[in-house]
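One structure below.
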Amino acid sequence: MEDRQRELFTAAQIVAAGIAAWYLITLRTPWNAQRIAGTVLFVLGVSGIVAARIQLGRSFSIAAQARKLITTGIYSKIRNPIYVFGTVFFTGLILIVQRPVLWIFLVILVIGQTLRARREAKVLETAFGDEYREYRKKTWF
Numbered sequence: 026m027e028d029r030q031r032e033l034f035t036a037a038q039i040v041a042a043g044i045a046a047w048y049l050i051t052l053r054t055p056w057n058a059q060r061i062a063g064t065v066l067f068v069l070g071v072s073g074i075v076a077a078r079i080q081l082g083r084s085f086s087i088a089a090q091a092r093k094l095i096t097t098g099i100y101s102k103i104r105n106p107i108y109v110f111g112t113v114f115f116t117g118l119i120l121i122v123q124r125p126v127l128w129i130f131l132v133i134l135v136i137g138q139t140l141r142a143r144r145e146a147k148v149l150e151t152a153f154g155d156e157y158r159e160y161r162k163k164t165w166f
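In terms of the numbering used here, the sequence shown is residues 26 to 166.
Encoded structure:
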């Protein structure tokens, strides 16, 4: 992904997170245990995504590409932290808005992210071979 596209994509994500946060703050659902747990997961998810994106740096791309194998920071424990924290974020969102039908979308999201992670793993294994296979043994998802 070119620098300009990466910057625009990042800016769009920041704006979307800001809009989501504003919506959640002004939401008129009661502050019960479910909403509090959802808020914690929402904040944890957004924070994890931001940290992972920063650590990924110029290696971030929409389509699977093998520029550099990142194995430090969050990536030393989780191969796909953006997907993991995206799931945490969306789970928090579901708990906050308290709309059970959204659990269906979470299942679809997890299936899609799992398929995408598998495609990315093939690209990385082709590019980095044994180095990637060793990294994969030491990390989760």
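Think of the CB as a built atom: it goes at the ideal place given N, C-alpha and C, for glycine as much as any other residue.
Keep in mind the model is a prediction, meaning the values are calculated, not measured.
Boundaries of the alpha helix (DSSP H) in which residue i is found, first to last residue
| i | result |
| --- | --- |
| T151 | L127 to F153 |
| Q59 | A58 to L81 |
| R48 | A quick correction: the sequence has Tyr, not Arg, at residue 48. Element bounds for Y48: D28 to T51. |
Distance between residue j and residue i (C-alpha atoms, nearest Å)
| i | j | result |
| --- | --- | --- |
| A45 | R141 | 25 Å |
| Y108 | I50 | 24 Å |
| A76 | V126 | 30 Å |
| Q38 | G111 | 12 Å |
| W128 | I119 | 7 Å |
| M26 | F85 | Any answer about M26 is weak, because its pLDDT of 49 lies below 50 and its placement is not dependable; what the coordinates show is given next. Straight-line Cα distance between these residues: approximately 7 Å. |
| G73 | P106 | 7 Å |
| V40 | V71 | 12 Å |
Opposing strand residues paired with residue i [DSSP bridges]
| i | result |
| --- | --- |
| I169 | Since the first residue shown for the chain is 26 and the last is 166, residue 169 is missing from the structure and cannot be characterised. |
Original post:
Is it a yes or a no for the stretch 93-112 touching the stretch 145-165, going by three-plus beta-carbon pairs under 8 Å?
Top reply: yes
**OP:** Take every Cβ of the stretch 129-136, pair it with every Cβ of the stretch 55-66, and state whether three or more of those distances are shorter than 8 Å.
**Re:** no
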